[in-house]
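Chemist: Structure provided below as structure tokens; questions to follow.
2 protein chains.
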Amino acid sequence: MMNLTIAEENYIKSIYKLEEEGQEAVSTNALAGELETKPASVTDMAKKLKEKKLISYEKYQGINLTAEGKKAALNIIRRHRLWECFLVDKLSFSWEEVHELAEELEHVRSEKLINRLSEFLGNPQIDPHGDPIPDAQGKMGKPRPQTPLDKARAKRLEVVAVSDKSTALLEFLNAKGIRLGTQLDVIERYEFDNSIELKIRNQPAFTISEQVSKNIMVKPI
Amino acid sequence: MMNLTIAEENYIKSIYKLEEEGQEAVSTNALAGELETKPASVTDMAKKLKEKKLISYEKYQGINLTAEGKKAALNIIRRHRLWECFLVDKLSFSWEEVHELAEELEHVRSEKLINRLSEFLGNPQIDPHGDPIPDAQGKMGKPRPQTPLDKARAKRLEVVAVSDKSTALLEFLNAKGIRLGTQLDVIERYEFDNSIELKIRNQPAFTISEQVSKNIMVKPI
DNA sequence: ATAATTATTTAGATTTACCTAAACTTTATT
DNA sequence: AATAAAGTTTAGGTAAATCTAAATAATTAT
């Protein structure tokens, strides 16, 4: 397996994620958004990753992982999710704390370490958020299709369904500008009543109750 | 606590090590040697670390850690040694394998993570090489009384630590059956090259060079 | 189909952490 | 004390990963 920098690994991971979400070819802009960087930086990196044969890329045509790139992505995801398991199962972190830490731990590249960690954890099949963990060969179970907003872990989410079709709820969502495809940023989760403070691009933040968030099905972007 | 880059952390750690080894002021050259980099690079970094008030440094006068720098160093060492414990105690790595891995894991900066890890491990006081682990406040027990094997005068000795953590040396020692707690009998010391003939219980005697014996820390039994 | 808008790329800078080669200090030697 | 040797710094350069601003291509709207 090729040796990647941390930046390269993060690009690979994000490309994988966007492909999973259904983007035929991952656009420069989408990737820049995902990585919180600028499109120009993405173009630069795309050239580098193409050189390394991890992606296919032609000017203006977007990006796709090659077989090798996909393998690399699955390996990174494996590391990430195993570390999340470790943090929750062994160090008693709660599920919303672990992503950032796993984001760092995942970049320690050692087959042996990660395989031993997996064994130590009892070769778990899913991580604390319910996402499947690829095995050492890069085989992974199917991802869960969607999560109710009150259970979602990611900060940036896209609305994929609303389960309660009552006029009351739909009117409320409409008033707030929440509809299918809307992208949400979770600003804060308040434990005392499980309400959630949300933000939609170009709008002021607002808060919704647990009752509402339970019925908004989302997926991470 | 200030936010340091990985490179900065490695410099701080090496400066600490060289100070511990008795260097009044750490020289540019010594530090370059320790970090396997060039003196010119050390001078560059020295300016940066001085700016951040982690070291005291005047042109041509060498480097010393400030109180803040020392605190940072102890924190890094704490992380390193706790990860080593984890790898050996929980993931069944052998002691010669863990240094390189811990070298990477130590750069994940999270108070909470490292304190939980310590707790998970039972707040160990020494790492797998016999070195003491600083506590959360940066207090560290004194290294166990020890002498480098090349200086020890007793005939019957016990291995308490290994000062050079390179895989090369550790692998060599492993092959010879020398590890923490191993009991050695000094058969002969050869003055012409300061090599030493040793015997471990139930094994044929063998000879090690001065280079090796310098790095094996022992105490009389 | 042409113009306007949006997306993407290029060109040129910046920062970090390195490097080499040359200049300069300090120290050791005669 | 003068000189040689060793150690250190400066000057100038490189590579990675960013950025901004300007140019160019693709898409959408008129």
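These protein sequences, in sequence, are chains A and B.
Using my numbering, the first residue of the first sequence is number 1, and each one after it goes up by one.
Using my numbering, the first residue of the second sequence is number 222, and each one after it goes up by one.
Backbone N, C-alpha and C fix where the C-beta goes; we use that ideal spot for every residue, glycine too.
Note down the Cα distance separating Lys50(A) from Val108(A), rounded to an integer number of angstroms.
Modeler: The sequence position of residue 50(A) within the first sequence is 50, counting from 1. The sequence position of residue 108(A) within the first sequence is 108, counting from 1. Cα-Cα distance, rounded: 23 Å.
Chemist: Please state whether DSSP places Phe413(B) in a helix, a strand or coil.
Modeler: Reading the second sequence from its first residue, position 192 is the one you call residue 413(B). If DSSP states are grouped into helix, strand and coil, Phe413(B) belongs with coil.
Chemist: If you follow the beta strand (DSSP E) that Lys219(A) is in, where does it begin and where does it stop?
Modeler: Residue numbering aside, residue 219(A) sits at position 219 when the first sequence is read from its first letter. First-last of the beta strand (DSSP E) with Lys219(A): Ile216 to Pro220.
Chemist: Using CA atoms only, rank isn't needed, just tell me which of Glu317(B), Asp356(B) and Asp406(B) is closest to Leu391(B).
Modeler: In the second sequence, residue 391(B) corresponds to position 170, counting from 1. Residue Glu317(B) is the option with its Cα nearest to Leu391(B).
Chemist: Examine the Cβ distances between the segment 327-343 of chain B and the segment 301-317 of chain B and report whether three or more of them are shorter than 8 Å.
Modeler: Yes, the segment 327-343 of chain B is in contact with the segment 301-317 of chain B.
Chemist: Would you mind reading off the limits of the alpha helix (DSSP H) that contains Arg337(B)?
Modeler: Numbered from 1 along the second sequence, position 116 holds the residue referred to as residue 337(B). Arg337(B) -> alpha helix (DSSP H) spans Glu332 to Phe341.
Chemist: So, is the C-beta of Leu173(A) closer than 8 Å to a C-beta in chain B?
Modeler: As a first step, residue 173(A) must be located in the first sequence, where it is residue number 173. With 8 Å as the cut-off, Leu173(A) does not count as an interface residue toward chain B.
Chemist: Please report the distance separating the alpha-carbon of Asp371(B) from that of Glu332(B).
Modeler: Translated into positions along the second sequence, residue 371(B) becomes position 150. Translated into positions along the second sequence, residue 332(B) becomes position 111. Whole-angstrom Cα-Cα distance: 39 Å.
Chemist: Grab the span of the alpha helix (DSSP H) containing Arg81(A) for me, first residue to last.
Modeler: Counting from one through the first sequence, the residue named residue 81(A) turns up at place 81. It spans Ala67 to Cys85 - the alpha helix (DSSP H) in which Arg81(A) sits, taken as one unbroken run.
Chemist: Measure how close the beta-carbons of Ile200(A) and Arg156(A) come, nearest whole angstrom, since I'm counting them as under 8 Å.
Modeler: Residue mapping note: residue 200(A) aligns to position 200 of the first sequence, counting from 1. Residue mapping note: residue 156(A) aligns to position 156 of the first sequence, counting from 1. Going by Cβ atoms, the distance from Ile200(A) to Arg156(A) rounds to 11 Å, so no, they are not a contact pair.
Chemist: Hey, quick one: how far does the beta strand (DSSP E) through Ser56(A) stretch, first residue to last?
Modeler: Against the first sequence, residue 56(A) aligns to sequence position 56. Its beta strand (DSSP E) spans residues Ile55 to Tyr57.
Chemist: Quick one: grab the DSSP three-state call for Ala373(B).
Modeler: The residue labelled residue 373(B) in the question sits at position 152 within the second sequence. Coil at Ala373(B), not helix or strand.
Chemist: How many Å lie between Glu70(A) and Ile133(A) at the Cα?
Modeler: The residue labelled residue 70(A) in the question sits at position 70 within the first sequence. The residue labelled residue 133(A) in the question sits at position 133 within the first sequence. Going by the sequence as given, residue 70(A) is Lys instead of Glu. About 14 Å.
Chemist: For Gln367(B), which residues in the same chain have their Cβ closer than 7 Å to its Cβ, ignoring the five residues on either side in sequence?
Modeler: To locate residue 367(B), count along the second sequence from 1; it is residue 146. Hits under 7 Å: Val381, Ala382, Met438, Val439 and Lys440.
Chemist: Give the interface partners of Lys142(A) over in chain B, defined as CB-CB distance under 8 Å, in chain order.
Modeler: As a position in the first sequence, residue 142(A) is number 142, starting the count at 1. In chain order: nothing, as chain B lies at least about 29 Å away.
Chemist: Can the beta-carbon of Gln125(A) be found less than 8 Å from the beta-carbon of Gly138(A)?
Modeler: Residue numbering aside, residue 125(A) sits at position 125 when the first sequence is read from its first letter. Residue numbering aside, residue 138(A) sits at position 138 when the first sequence is read from its first letter. No, these two residues do not count as a Cβ contact at 8 Å.
Chemist: Just the C-alpha distance for Gln203(A) and Asn174(A), rounded to the nearest angstrom, thanks.
Modeler: The count along the first sequence starts at 1 and reaches residue 203(A) at position 203. The count along the first sequence starts at 1 and reaches residue 174(A) at position 174. One C-alpha to the other measures close to 14 Å.
Chemist: In the DSSP assignment, what residue or residues form a beta bridge with Asp185(A)?
Modeler: The sequence position of residue 185(A) within the first sequence is 185, counting from 1. Asp185(A) is bridged to Arg156(A) and Lys199(A).
Chemist: Return the first residue and the last residue of the alpha helix (DSSP H) that Thr28(A) is part of.
Modeler: Translated into the one-based positions of the first sequence, residue 28(A) becomes position 28. That run of the alpha helix (DSSP H) goes Thr28 to Leu35.
Chemist: Pick from Gly62(A), Arg179(A), Pro128(A) and Thr66(A): whose alpha carbon is nearest that of Arg78(A)?
Modeler: Taking the first residue of the first sequence as position 1, residue 78(A) is located at position 78. Comparing Cα-Cα distances from Arg78(A) to each of Gly62(A), Arg179(A), Pro128(A) and Thr66(A), the minimum goes to Pro128(A).
Chemist: List the residues of chain A whose Cβ lies closer than 9 Å to the Cβ of Ser331(B), in chain order.
Modeler: Here residue 331(B) corresponds to residue number 110 of the second sequence, with the count starting at 1. Those are Glu100, Leu101 and Glu104, listed as they occur along chain A.
Chemist: Does chain A have any CB closer than 8 Å to the CB of Leu312(B)?
Modeler: Taking the second sequence and counting its residues from 1, one reaches residue 312(B) at position 91. So yes, Leu312(B) belongs to the interface.
Chemist: Which of the residues in the segment 336-368 of chain B, read from start to end, lie with their CB under 7 Å from any CB of chain A?
Modeler: Result list: Arg337, Leu338 and Phe341.
Chemist: Have a look at the DSSP bridge pairing and note the partners of Val383(B).
Modeler: Stepping through the second sequence from its first residue, residue 383(B) is reached at position 162. Paired residues: Ile437(B).
Chemist: With a CB to CB cut of under 7 Å and the five nearest residues on each side skipped, what residues in its chain are close to Glu210(A)?
Modeler: On the first sequence, position 210 is the one that residue 210(A) refers to. The answer, listed in chain order, is Asp150, Asp193, Asn194 and Ser195.
Chemist: Please go through the same chain and pick out, in chain order, the residues whose beta-carbon is closer than 6 Å to the beta-carbon of Tyr232(B), but skip the five residues on each side of it.
Modeler: Along the second sequence, one-based indexing puts residue 232(B) at 11. The answer, listed in chain order, is Met266.
Chemist: Using the Cα positions of Val319(B) and Ile178(A), report the straight-line distance between them to the nearest angstrom.
Modeler: Here residue 319(B) refers to the residue found at position 98 when the second sequence is read from its first residue. Here residue 178(A) refers to the residue found at position 178 when the first sequence is read from its first residue. Their Cα atoms are separated by approximately 50 Å.
Chemist: Thinking Ile297(B) and Ile236(B) are a contact (beta carbons under 8 Å), I'd like their distance in whole angstroms, please.
Modeler: Start at 1 with the first residue of the second sequence, and residue 297(B) comes out as number 76. Start at 1 with the first residue of the second sequence, and residue 236(B) comes out as number 15. Actually they do not touch by this definition, with Cβ atoms about 11 Å apart.
Chemist: Measuring CB to CB, does Asp131(A) end up less than 8 Å from Pro143(A)?
Modeler: In the first sequence, counting from the first residue as 1, residue 131(A) sits at position 131. In the first sequence, counting from the first residue as 1, residue 143(A) sits at position 143. Contact flag set, yes.
Chemist: Run through the DSSP bridge pairs and tell me what Asn285(B) is partnered with.
Modeler: Residue numbering aside, residue 285(B) sits at position 64 when the second sequence is read from its first letter. Paired residues: Ser277(B).
Chemist: With a cut-off of 8 Å, does the C-beta of Leu419(B) fall near any C-beta of chain A?
Modeler: Along the second sequence, one-based indexing puts residue 419(B) at 198. Leu419(B) does not count as touching chain A.
Chemist: Give a yes or no on whether the C-beta atoms belonging to Leu18(A) and Leu4(A) are separated by under 8 Å.
Modeler: As a first step, residue 18(A) is located in the first sequence; it is residue number 18 there, counting from the start. As a first step, residue 4(A) is located in the first sequence; it is residue number 4 there, counting from the start. No, Cβ-Cβ distance for Leu18(A) and Leu4(A) is not below 8 Å.
Chemist: Mapping DSSP to helix, strand and coil, what is Ile12(A)?
Modeler: The residue labelled residue 12(A) in the question sits at position 12 within the first sequence. Helix at Ile12(A).
Chemist: Taking 8 Å as the CB-CB cut-off, is Leu378(B) touching chain A?
Modeler: Your numbering for residue 378(B) matches position 157 in the second sequence. Chain A, which has no Cβ nearer than 8 Å to the Cβ of Leu378(B), makes this no.
Chemist: What is the rounded straight-line gap between the Cα of Thr28(A) and the Cα of Glu21(A)?
Modeler: On the first sequence, position 28 is the one that residue 28(A) refers to. On the first sequence, position 21 is the one that residue 21(A) refers to. Approximately 15 Å, taken between the alpha carbons.
Chemist: Check this for me: beta carbons of Lys274(B) and Thr264(B), under 8 Å apart or not?
Modeler: Taking the first residue of the second sequence as 1, we reach residue 274(B) at position 53. Taking the first residue of the second sequence as 1, we reach residue 264(B) at position 43. The answer is no: Cβ separation not under 8 Å.
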